[in-house]
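*Asks:*
Quick look at the structure:
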């Protein structure tokens, strides 16, 4: 009986948690956008198989193989509706401000520092009874520390000495940028 109650509690809690981010059109569309961006910053799209986690939030069916990652320190979803581009009651473009640190390129295992503020307008639309992000389909926007951890993991699992050295150099580039930011 205890096991049954425990399982029932887990199911109810999971359903409540899922409903909290259900994206139902009666809810604020920024909730879906916040959840998507939070997961993206944590690196959920760094591997092809893991992008399925954000699949419920987006209208596209596939994630392209990105050759680069935009490295960010933070993002801000503009929740002031007067700054949105509202097309109708079920469609809007919501601005998101990213604090970009630079771009990491996978092929060359390099980090190009280019600090700037990037503004993207995410197009959200009521699809069925849920909000979905219909565009733009951007490359992953990942937090620096998460990216450092991911590259460390890749380096540990790399068997080729040349590629291992490239990844080690990339870690140093990413960490060096972090030290420069701390000194400012």
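Residue numbers (the numbering used here): 66 to 249.
Where a beta carbon is used, it is the ideal one built from N, C-alpha and C, also for glycine.
(1) Curious, which full-length alpha helix (DSSP H) runs of at least 4 residues does the stretch 104–132 contain?
(2) Name the two residues that bound the continuous alpha helix (DSSP H) containing residue 212.
(3) Just to check my reading of the structure: residue 163 and residue 198 have Cβ atoms closer than 8 Å, yes? What is that Cβ distance to the nearest angstrom?
(4) Could you pull out every residue in the same chain whose Cβ sits closer than 7 Å to the Cβ of residue 118, ignoring the five residues on either side in sequence?
(5) Are residue 239 and residue 134 closer than 8 Å when you measure CB to CB?
(6) Does the stretch 147–155 come close enough to the stretch 168–181 to have 3 or more Cβ pairs within less than 8 Å?
(7) Taking the alpha-carbon of residue 130 as reference, which of 185, 122, 202, 158 has the nearest alpha-carbon?
(8) Quick one: what does DSSP say residue 155 is sitting in, helix, strand or coil?
*Replies:* Quick look at the numbers:
(1) none
(2) 209–222
(3) That belief does not hold up - the Cβ atoms of residue 163 and residue 198 are roughly 15 Å apart, past 8 Å.
(4) 104, 109
(5) no
(6) no
(7) 202
(8) coil
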